[in-house]
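When you line the sequence shown up against numbering that gives the first Met the number 0, it's residues 0 to 377, in that order. The C-beta atom is built at its ideal place from N, Cα and C for all residues, glycine as well.
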Amino acid sequence: MSTNTGTGTGTGTELKERADALMGIGRYEQAGELLARYLVDAPGDAWAWSHLAHCRFRAGDHEGALKAADEGIAADPECWYPWERRAFLLPFLMRVDEALEAAREAVRVGPEEPSAHSVLARCLLFTGDHQGCYEAHRKVVELNPESATAHFNLAHPAELIGRLDVREQALRNALRLDPDHADARAQLAELLRDAQQMKLPELAGEYSAALGSDPDSRYIEHRLNLVVLGLLRRTRWFALVCLTIAALTSRAFPTGDDPRELPVPLDTRLWSLVLMSVTWVLGAWFFAYRKLPQGARNTVWSLLRRYWPSRLPVAQALWGTLCAVVLVLVPWTDRGYEQTIALVGAVPVVLAMWFGNSWRRVEKERREKQDGKQNEKK
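Have a look at this one:
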């Protein structure tokens with residue numbers, strides 16, 4: 000005769016099946032209640048204790064989850080799953096050393112289980128053993144070579160120990176197995192950008208595609224915003240080109256045998272306006288905007304609406320271009336006015352570009368120093 004629980008109807012098998020079904024749809028609190036009822040009559044089921052630990056963790060009860068994992072270990076010390084649950088849970092309670100011991104035990108009793116090696120890698124990362132973390136993730140890939148997640152997780156420790164070739168290959172393998180893996184796509188694009196193998200418009204396209212696969216990813220959204228901001232900064236170069244055209248046309252800074260008579264003929268000034276228009280059209284459309292996919296184009300306008308720092312480079316570019324237009328539209332007869340307008344248009348743009356480049360260079364050097372210190376510690 001089937002065994003009934005003491006707190007409700009249904010056989011033990013039915014309770015476990017219903018709990019599994021509830022876990023599958025994310026109703027962990029209800030699944031945990033069913034498992035607790037089942038374990039009243041089957042306290043020796045280590046796997047059920049482990050599932051209960053998982054349910055309690057997902058419900059936010061870390062202490063209760065750890066207690067369930069310990070009960071599973073007591074029920075069957077040679078079952079790897081409760082050891083894996085214990086190793087996973089302890090870092091949330093700031094008990095990393097104990098977690099590492101549990102992870103090693105999980106690997107000992109379950110040497111062919113990818114999850115055991117994965118939790119060991121996680122604990123080794125917490126303790127700062129990057130090489131050990133890398134080796135553990137290599138073992139996960141060896142045991143489960145068709146898992147996109149396993150390859151993706153290998154990329155980070157590979158970067159930490161300086162194996163950028165392994166990191167790139169791991170990300171490519173993750174995308175080969177799962178073409179919609181958003182994080183792998185975004186990180187591979189970033190890696191290629193750092194290696195000067197991808198331009199900003201292409202990088203924006205990759206981030207946009209990755210964000211399409213995972214619309215809730217704040218990291219990918221942030222990286223896409225930074226790339227779009229970099230594209231907007233390039234518009235300041237268009238303004239400098241326009242100012243150069245205007246200064247030459249208006250004869251603001253004549254040299255050598257250049258014509259010096261003022262005012263400049265109207266047809267010459269109108270021709271310079273055509274050249275400035277071509278500069279903006281070719282620059283903004285042909286060299287940048289044309290190559291952006293629709294998602295990245297939408298990000299440009301969205302960023303301009305909601306993020307005021309993105310408007311600064313555009314405002315600076317428009318200011319420089321406006322000064323260039325004033326230089327050629329007005330028939331100036333005083334070269335001093337022309338030179339003043341040219342400098343008023345160029346100096347803010349040049350200073351903003353210089354300051355921004357200097358700040359980004361300092362930040363890059365700071366990150367490189369931090370990476371160097373981390374490598375020394377390893």
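Ranked by Cα distance from residue 98, the first of 121, 259, 112 is 121. Taking a C-beta distance under 8 Å as the contact criterion, residue 232 and residue 308 do not qualify as a contact pair.
About 4 Å separates the CB atoms of residue 316 and residue 234; that is less than 8 Å, so the two are in contact. Straight-line spacing of the CA atoms in residue 348 and residue 354 works out to 10 Å. Per the C-alpha coordinates, the member of 37, 333, 178 positioned closest to residue 208 is 178. Judged by beta-carbon spacing, residue 30 lies within the 8 Å limit of residue 18, meaning their Cβ atoms are closer than that value.
The shortest CA-to-CA distance from residue 301 to any of 56, 155, 224, 185 is the one to 224. When secondary structure is reduced to three states using DSSP, residue 216 falls in the coil class, being assigned neither helix nor strand.
Closest by C-alpha distance to residue 88, out of 228, 119, 73, is 119.
Within 10 angstroms of the beta-carbon of residue 344 lie 16 or more other beta-carbons, which makes it buried. Beta-carbon to beta-carbon, residue 242 and residue 323 are separated by about 5 Å, close enough to satisfy the 8 Å threshold. In the structure shown, residue 198 adopts coil according to DSSP, grouped into three states.
In the three-state DSSP reduction, residue 252 falls in the coil class, being neither helix nor strand. Distance from the Cα of residue 359 is smallest, within the candidate group 229, 338, 252, for 229. Counted as a single uninterrupted DSSP element, the alpha helix (DSSP H) harbouring residue 45 occupies residues 45 to 57. When DSSP states are grouped into helix, strand and coil, residue 128 belongs to the coil group. Nearest to residue 282 by alpha-carbon distance, out of 237, 184, 339, is 237. Residues 83 of the same chain have their beta carbon placed closer than 6 Å to that of residue 114, with the five preceding and five following residues left out of the count. For the pair residue 151 and residue 190, the Cα-to-Cα distance works out to about 14 Å.
Taking residue 90 as reference, the option from 205, 14, 64 with the minimal CA-CA separation is 64.
DSSP, read as helix, strand or coil, puts residue 146 in coil. Judged by DSSP secondary structure, residue 80 falls within the alpha helix (DSSP H) whose first and last residues are 79 to 88.
In this structure residue 38 is not in contact with residue 61, their Cβ atoms being roughly 19 Å apart against a cut-off of 8 Å. With contact defined as three or more Cβ pairs closer than 8 Å, the region 173 to 188 and the region 137 to 151 are in contact. Just so you know, the alpha carbons of residue 85 and residue 210 end up roughly 34 Å apart.
The distance from the Cβ of residue 44 to that of residue 74 is about 7 Å, consistent with a contact at the 8 Å cut-off. Taking residue 332 as reference, the option from 251, 318, 342, 341 with the minimal CA-CA separation is 251. Assignment of residue 93 by DSSP, reduced to helix, strand and coil, places it in the coil class.
Excluding sequence positions up to five before and after residue 69, its CB lies within less than 7 Å of the CB of 85, all in the same chain and listed in chain order. DSSP, reduced to helix, strand and coil, places residue 76 outside both helices and strands of the structure shown, so it counts as coil. Only residues of its own chain outside the window of five on either side were considered, and among them 330, 331, 332 have a CB closer than 7 Å to the CB of residue 262, listed in chain order. For residue 35, the enclosing alpha helix (DSSP H) begins and ends at 27 to 40.
Counting every other CB atom within 10 Å of its CB across the protein chains shown gives residue 350 a total below 16, marking it as exposed.
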